[in-house]
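Undergrad: Numbering (my numbering), first residue to last: 2 to 282.
Backbone N, C-alpha and C define an ideal beta-carbon position, used for all residues, glycine too.
Following this message is one structure expressed as structure tokens.
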Amino acid sequence: MPVESVRFAGEAMDIAVPSRPLRVAGVAMAGFRGRATNSVDLPVVPYPAATVFLDFGDVVFVDEARGARVDGSWVLGLGPVGLRGGGREVDLLQVRLSPVAGYAVLGAAPGADARVITLEEFWGRDVERIREQLRAARSWDERFALMETVLGSRQEAGRAVDPEIVHAWRRIVAGGGRIRVERLAAEVGWSRKRLWSRFRSQLGTTPKRAAQLVRFDRAAHRLSRGHSAALVSADGGYADQSHLYREAAAFTGLTPTALASAPWLTVDPVAWAAPAYVSRH
């Protein structure tokens, strides 16, 4: 089980990742553990996948617009904005689900708004049993294996996304978000309206919003690697640099300069070297 220590918002954090490829398509997992000198509080940077958190420390997420607080087990949909998370005692299993996998695993699309949804809303009373099994696990590898079994069973029993929607999602990812909805509709032989409706009902967001998020995710990670905003906007499909500034503000409330050093992105090269959303699903 690979474990690497990183600096996260100025604090030491151990990150564990599975020691072998996961057998469940469209899924990535990582474990986080550490104790902060001061409670870490940071804005969430959106990601093109549903994210499931199972926390055994004191991490709390806050929806700033509504003042709602959630801890324990929760789900973030695609593209949450206006969310902050943090805590002092970190013992957290995080699962990222591609939108296609998320529909089957969660039993419903988690949506793309800024709402933090408790995992119980999707899995009901099973959540507490799963949490206790994970809490009792003696290692991260055991936690990963237990969660992989849970996810595999739910994916197998869950509802499959339409093949046309799978194709549209893959094309959005392959094109870095630089593809028009009309072209996607033509490729699958649907009307634009039908594609829009089915995509939203199954993946929790619209094709246009999904494309914007995939494009923004790639831009954010290029900024975090030190590329200039001018280069990122020119290469990333943005009309101009001000377009990138507007999207960074809309998705995160940050400027590209602030986004480049956002602590939320610093763990990605270790925890999410193989992003879930670009896997088989």
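#1: In whole angstroms, what is the alpha-carbon distance linking Leu1 and Glu5?
#2: Quickly, what does DSSP pair Gly86 with across the bridge? List them, please.
#3: Between Leu98, Glu90, Pro47, which has its C-alpha nearest Arg210's C-alpha?
#4: Restricting to Cα atoms, I'd like to know which of Leu185, Gly205, Ala138 is closest to Val162.
#5: Since Val215 and Arg223 are thought to touch, with beta carbons under 8 Å apart, how far apart are those beta carbons, to the nearest angstrom?
#6: Please report the distance separating the alpha-carbon of Thr267 from that of Val60.
#7: Measure from the C-beta of Gly58 to each C-beta in chain B and report whether the shortest distance is under 8 Å.
#8: If you run the structure through DSSP and keep just helix, strand and coil, what is Phe296?
#9: Note down, one range per segment and in chain order, each alpha helix (DSSP H) of at least 4 residues found wholly within the segment 88-150.
#10: Quick one: what's got a C-beta closer than 7 Å to Gln203's C-beta in the same chain, skipping five residues either side?
#11: The beta strand (DSSP E) spanning Ala51 covers which residue range?
#12: Measuring alpha carbon to alpha carbon, tell me which residue in Leu98, Thr38, Trp75, Arg34 is nearest Gly58.
#13: What residues are listed by DSSP as bridge partners for Val4?
#14: Beta strand (DSSP E) containing Val189: first to last residue?
#15: Nearest to Asp15 by alpha carbon, out of Arg181, Asp92, Gly237?
#16: First and last residue of the beta strand (DSSP E) that includes Ser202?
#17: Which one of Gly176, Gly125, Leu196, Gly190 has the shortest CA to CA distance from Gly238?
#18: Just curious, the beta strand (DSSP E) that Leu79 is in, first and last residue?
#19: By a C-beta neighbour count over all protein chains shown, 10 Å radius and 16 as the cutoff for buried, is Pro257 buried or exposed?
#20: Which partner residues does Phe33 have in the DSSP bridge list?
#21: Distance, Cα to Cα, Val71 vs Arg226?
#22: Is any heavy atom of the ligand FMN found at a distance shorter than 7 Å from the C-beta of Ala187?
#23: Starting from Val215, follow its DSSP beta bridges and name the residues at the other end.
#24: Note down, in chain order, each residue of its chain lying with its Cβ closer than 7 Å to the Cβ of Val151, except the 5 sequence neighbours on either side.
#25: For Pro22, report the span of its alpha helix (DSSP H) as first-last.
#26: How many whole angstroms separate the CB atoms of Pro44 and Thr253, which I take to be in contact at a CB cut-off of 8 Å?
TA: From the atom records:
#1: Outside the displayed range of the chain (2 to 282) lies residue 1, so it cannot be described from this structure.
#2: Against the sequence shown, residue 86 aligns to sequence position 85. Leu43, Phe62.
#3: Walking along the sequence shown from the start, residue 210 turns up at place 209. When each option's Cα is compared against that of Arg210, the closest is Pro47.
#4: Locating residue 162 in the sequence shown gives position 161, where the first residue counts as 1. If we check each option's Cα against that of Val162, Gly205 comes out closest.
#5: Start at 1 with the first residue of the sequence shown, and residue 215 comes out as number 214. Start at 1 with the first residue of the sequence shown, and residue 223 comes out as number 222. In fact, because the Cβ distance is near 13 Å, the residues do not count as touching under 8 Å.
#6: For the purposes of this step, residue 267 is taken as the residue at position 266 of the sequence shown. For the purposes of this step, residue 60 is taken as the residue at position 59 of the sequence shown. The alpha-carbon atoms of Thr267 and Val60 are separated by roughly 18 Å.
#7: Here chain B cannot be found, since the structure has a single protein chain.
#8: Since the first and last residues shown for the chain are 2 and 282, residue 296 lies out of range.
#9: 100-107, 121-124, 127-137
#10: Counting from 1 along the sequence shown, the entry for residue 203 is found at position 202. Correct list, in chain order: Tyr104, Ala110, Val162, Asp163, Ile166.
#11: Residue mapping note: residue 51 aligns to position 50 of the sequence shown, counting from 1. From DSSP, the beta strand (DSSP E) with Ala51 extends over 51-56.
#12: Within the sequence shown, numbered from 1, the residue matching residue 58 stands at position 57. Ranking the options by Cα distance to Gly58, first place goes to Arg34.
#13: Start at 1 with the first residue of the sequence shown, and residue 4 comes out as number 3. Beta-bridge pairing links Val4 to Ala17.
#14: As a position in the sequence shown, residue 189 is number 188, starting the count at 1. Per DSSP, Val189 belongs to no beta strand (DSSP E); it is in the alpha helix (DSSP H), 182-189.
#15: The residue labelled residue 15 in the question sits at position 14 within the sequence shown. The option with the nearest alpha carbon to Asp15 is Asp92.
#16: The residue given as residue 202 occupies position 201 in the sequence shown. Ser202 -> not in any beta strand (DSSP E); alpha helix (DSSP H) instead, spanning 193-204.
#17: Looking up residue 238 in the sequence shown gives position 237. With distances taken between Cα atoms, Gly238 lies closest to Gly176.
#18: Stepping through the sequence shown from its first residue, residue 79 is reached at position 78. Per DSSP, Leu79 belongs to no beta strand (DSSP E) and is neither H nor E.
#19: If you number the sequence shown from 1, residue 257 lands on position 256. So Pro257 ends up on the buried side.
#20: Locating residue 33 in the sequence shown gives position 32, where the first residue counts as 1. For Phe33, which the question treats as bridged, DSSP gives the partners Ile16, Leu93.
#21: Within the sequence shown, the letter at position 70 stands for residue 71. Within the sequence shown, the letter at position 225 stands for residue 226. In a straight line, the C-alpha of Val71 is about 31 Å away from that of Arg226.
#22: The model depicted lacks the ligand FMN and carries no ligand whatsoever.
#23: Looking up residue 215 in the sequence shown gives position 214. Partner(s): none; Val215 has no beta bridge.
#24: If you number the sequence shown from 1, residue 151 lands on position 150. Correct list, in chain order: Ile131.
#25: As a first step, residue 22 is located in the sequence shown; it is residue number 21 there, counting from the start. That residue, Pro22, is in no alpha helix (DSSP H); it is neither H nor E in DSSP.
#26: Your numbering for residue 44 matches position 43 in the sequence shown. Your numbering for residue 253 matches position 252 in the sequence shown. Sure, about 6 Å apart at Cβ, within 8 Å.
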